[in-house]
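Asker: Supplied in structure tokens, the structure appears directly below.
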């Protein structure tokens with residue numbers, strides 16, 4: 022246990038690496054100034070910088086790119102035993118992605134207010150997500166359909182399904 | 022204006038198509054029972070179903086797959102003028118992705134409680150996101166670094182940058 026604890030110390034060098042990736046991506050014109058590395062057992066297994074504008078993909082934030090990179094390398098959709106080092110507090114999309122990937126910890130340098138000050142929507146989306154769907158700036162409209170509910174019943178009855 | 026309004030009526034057939042995609046993905050064993058279509062000017066320009074477990078990508082939710090598909094087709098990282106029809110209320114990751122993509126509206130059939138009842142973490146993540154980072158089940162740890170803050174100053178000074 023003690024050994025495991027020592028292995029999993031927070032290592033600021035990884036956070037500095039995430040910041041370097043952020044700088045590299047920004048300077049190359051790939052996207053915003055955000056970078057991320059994912060570490061398992063002392064090894065970097067995933068890395069990413071923001072590529073939204075260069076890849077025409079609004080989901081290509083540093084964390085999402087790094088999660089996809091790490092999962093592809095591990096051949097798994099889960100990041101158990103991994104630490105995520107990211108240059109800035111994850112936005113709600115990336116926070117959600119991290120919950121689905123289930124790493125051990127997320128370590129970040131700047132925060133959502135710093136990002137907002139840089140001109141990014143993080144803090145705005147954090148406020149919006151707490152509102153009821155009908156009160157948001159982006160219209161969320163619920164139209165219940167019996168067939169949609171039936172999907173979940175079928176899912177629960179399925180055997181041999183892979184849970185995530 | 023009137024014409025534009027008529028064009029943009031909510032069309033339940035698209036929601037039914039999203040539910041069909043969800044069923045297809047589930048039955049083919051691609052992932053969970055979720056589907057999404059993106060519509061612009063009366064045409065389906067993006068579609069997706071959940072592929073988390075089949076592609077080893079925890080970010081491959083129906084909405085993220087459909088957003089990437091639509092953006093790739095449009096050659097843009099923005100979905101102005103688009104409606105998103107999705108079989109279930111977006112999880113926080115997909116909600117964030119939608120805010121970044123900026124469509125006109127999001128129409129969904131089942132909701133986060135239905136998803137939770139189906140065994141999915143949506144409602145849990147919605148609760149977690151509202152907590153202070155240090156109070157969450159997944160550890161979020163802030164380690165401020167001067168270099169990380171400097172990134173945003175550099176970004177603000179950059180000319181010819183592409184905003185998103």
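Residue numbers (my numbering), protein chains in the order written: chain A, 22 to 185; chain B, 22 to 185. Positions of the beta carbon are idealized from the N, C-alpha and C atoms, including for glycine. Only a predicted model underlies this, so the values are computations on that prediction, with no experimental measurement involved.
Going by alpha carbons, who is nearest to residue 29(B) out of 41(B), 44(B), 64(B) and 68(B)?
Answerer: Residue 64(B) is the option with its Cα nearest to residue 29(B).
Asker: Beta carbon of residue 103(A), beta carbon of residue 91(A): below 9 angstroms?
Answerer: A contact, by the Cβ cut-off of 9 angstroms.
Asker: I need the straight-line Cα distance from residue 77(B) to residue 80(A), nearest angstrom please.
Answerer: The alpha-carbon atoms of residue 77(B) and residue 80(A) are separated by roughly 17 angstroms.
Asker: For the beta strand (DSSP E) containing residue 131(A), name the first residue and the last one.
Answerer: Its beta strand (DSSP E) spans residues 126 to 131.
Asker: What alpha helix (DSSP H) runs, 4 residues minimum, are completely inside the segment 92 to 117 of chain B?
Answerer: List check, alpha helix (DSSP H) in window: nothing returned.
Asker: Does the Cβ-Cβ distance between residue 54(B) and residue 164(A) come in under 9 angstroms?
Answerer: Not a contact, by the Cβ cut-off of 9 angstroms.
Asker: Give me, in chain order, the residues of the same chain whose beta-carbon lies closer than 8 angstroms to that of residue 42(A); leave out the 5 immediate sequence neighbours on both sides.
Answerer: Excluding residues within five positions, the ones whose Cβ falls inside 8 angstroms are 56, 57, 58, 68, 69, 70, 83 and 108.
Asker: For residue 154(B), which residues in the same chain have their Cβ closer than 6 angstroms to its Cβ, ignoring the five residues on either side in sequence?
Answerer: Same-chain partners within the cutoff: 161.
Asker: Taking 9 angstroms as the cut-off, decide whether the C-beta atoms of residue 127(A) and residue 159(B) are in contact.
Answerer: Yes, they are a contact pair.
Asker: Mapping DSSP to helix, strand and coil, what is residue 61(B)?
Answerer: Of the three classes helix, strand and coil, the one that applies to residue 61(B) here is strand, per DSSP.
Asker: Where residue 144(B) and residue 105(B) are concerned, what is the direct C-alpha to C-alpha distance, given to the nearest angstrom?
Answerer: Rounded to whole angstroms, residue 144(B) to residue 105(B) spans 21 angstroms at the Cα level.
Asker: What distance in whole Å lies between the Cβ atoms of residue 184(A) and residue 140(B), which are believed to be in contact at a cut-off of 8 angstroms?
Answerer: About 7 angstroms separates the two Cβ atoms, so the contact holds.
Asker: Helix, strand or coil: how does DSSP classify residue 156(A) here?
Answerer: Looking at residue 156(A) - three-state DSSP - the assignment turns out to be helix.
Asker: Residue 46(A) by DSSP, collapsed to three states: which one?
Answerer: Three-state DSSP puts residue 46(A) in a helix.
Asker: Identify, in the order they occur along the chain, each residue of the same chain with its Cβ nearer than 7 angstroms to the Cβ of residue 112(B), setting aside the five sequence neighbours on each side.
Answerer: Taken in chain order, the residues that qualify are 82, 143 and 146.
Asker: Hey, residue 101(B) and residue 72(B) are a contact pair by Cβ (cut 8 angstroms); roughly how many whole angstroms apart?
Answerer: About 26 angstroms; that fails the 8 angstroms criterion.
Asker: Tell me, please, which residues DSSP counts as bridged to residue 162(B).
Answerer: 128(A), per the DSSP bridge assignment.
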